[in-house]
């Protein structure tokens, strides 16, 4: 056995050990083992190369790694109840066994990630209520402020009404057109606020959030 062949064997043996007994990488371990066996059992490096190519072991190895990574990512998003981000690993796992070349694999993964990134952006528009919380509180302060009678109309009604009108205008002229650049059929769905991926970023009790949602709808003219 020549030195170059021995170095290849040692290299693929070290790769194999990286995944050995790692529960996150069962597919990668098996594919690395197939590569190692092909190289270690060949009579020389030329023969090992022919085996790797004829059995498409390099592509199978890349597929195995993607399967392991996306399986772990799928489990992680399921635990977090990140149901939109979950679309990427689900779709990749659904298609990964159908690819035949490394270029097909890369393109498939990139295409799906691009699709889902848009879905994530659209879903995050739900959290606009979080960005408006301070404004909603400020409007409430004006509306409920105890002031002399001569100031009631201006403080309790006029100023908060102007703030609401500005919020409605911004929503119609800026926020909605921007959202529909990503999804032409986009409509704000307040019920999504209660889904865990959005609810956990809004650090207020449920009863306060219920009130803020009503105020938000008024402020944004929804």
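In the numbering used here, the protein residues as written are 4 to 225.
For each residue, glycine too, the CB sits at the ideal point set by N, CA and C.
Since we're looking at a predicted model, the values are computed, not measured.
Are the CB atoms of residue i and residue j nearer to each other than 8 Å?
{"i": "residue 191", "j": "residue 142", "result": "no"}
{"i": "residue 11", "j": "residue 42", "result": "yes"}
{"i": "residue 70", "j": "residue 30", "result": "yes"}
{"i": "residue 16", "j": "residue 32", "result": "no"}
{"i": "residue 66", "j": "residue 102", "result": "yes"}
{"i": "residue 90", "j": "residue 112", "result": "no"}
Looking at the secondary structure, which residues open and close the alpha helix (DSSP H) in which residue i lies?
{"i": "residue 92", "result": "90 to 98"}
{"i": "residue 154", "result": "152 to 155"}
{"i": "residue 219", "result": "209 to 223"}
{"i": "residue 133", "result": "131 to 134"}
{"i": "residue 79", "result": "60 to 83"}
{"i": "residue 199", "result": "199 to 202"}
{"i": "residue 117", "result": "105 to 127"}
{"i": "residue 57", "result": "48 to 57"}
{"i": "residue 160", "result": "Residue 160 -> no alpha helix (DSSP H), and no H or E assigned at all."}
{"i": "residue 16", "result": "6 to 22"}
{"i": "residue 205", "result": "Neither: residue 205 is in no alpha helix (DSSP H) and is coded neither H nor E."}
Rounded to whole angstroms, what is the Cα-Cα separation between residue i and residue j?
{"i": "residue 196", "j": "residue 179", "result": "17 Å"}
{"i": "residue 203", "j": "residue 214", "result": "17 Å"}
{"i": "residue 175", "j": "residue 220", "result": "13 Å"}
{"i": "residue 108", "j": "residue 115", "result": "11 Å"}
{"i": "residue 217", "j": "residue 188", "result": "23 Å"}
{"i": "residue 37", "j": "residue 123", "result": "38 Å"}
{"i": "residue 93", "j": "residue 73", "result": "8 Å"}
{"i": "residue 83", "j": "residue 54", "result": "43 Å"}
{"i": "residue 193", "j": "residue 201", "result": "11 Å"}
{"i": "residue 75", "j": "residue 117", "result": "20 Å"}
{"i": "residue 186", "j": "residue 212", "result": "27 Å"}
{"i": "residue 210", "j": "residue 100", "result": "48 Å"}
So that I know if they touch, is there some Cβ in chain C lying closer than 8 Å to that of residue i?
{"i": "residue 86", "result": "The displayed structure is made up of one protein chain only, and chain C is not part of it."}
For residue i, which of the options has the nearest alpha-carbon?
{"i": "residue 173", "options": "225, 153, 50", "result": "225"}
{"i": "residue 27", "options": "184, 79, 39", "result": "79"}
{"i": "residue 49", "options": "64, 68, 8", "result": "8"}
{"i": "residue 135", "options": "181, 90, 171", "result": "171"}
{"i": "residue 165", "options": "146, 118, 84, 126", "result": "146"}
{"i": "residue 126", "options": "95, 110, 150, 88", "result": "88"}
{"i": "residue 86", "options": "99, 113, 199, 121", "result": "199"}
{"i": "residue 181", "options": "169, 139, 128, 154", "result": "128"}
{"i": "residue 138", "options": "98, 121, 168, 117", "result": "168"}
{"i": "residue 104", "options": "117, 153, 58, 91", "result": "58"}
{"i": "residue 63", "options": "130, 163, 106, 140", "result": "106"}
Counting only the same chain and skipping the five closest in sequence on each side, list residues whose C-beta sits under 8 Å from that of residue i.
{"i": "residue 159", "result": "145, 146, 147, 148, 150"}
{"i": "residue 60", "result": "34, 37, 38, 41, 54"}
{"i": "residue 81", "result": "89"}
Leaving out five residues before and five after residue i in sequence, what residues of the same chain have Cβ atoms less than 6 Å from its Cβ?
{"i": "residue 207", "result": "none"}
{"i": "residue 98", "result": "111"}
Does the distance between the C-beta of residue i and the nearest non-hydrogen atom of the ligand NAD fall short of 7 Å?
{"i": "residue 17", "result": "This structure simply doesn't include the ligand NAD, nor any ligand for that matter."}
Quick one: residues in its chain with C-beta nearer than 7 Å to the C-beta of residue i, no 5 flanking neighbours on either side, listed in chain order?
{"i": "residue 18", "result": "35"}
{"i": "residue 45", "result": "51, 54"}
{"i": "residue 244", "result": "What the structure shows of the chain is the stretch from 4 to 225, and residue 244 is not part of that stretch, so it cannot be assessed."}
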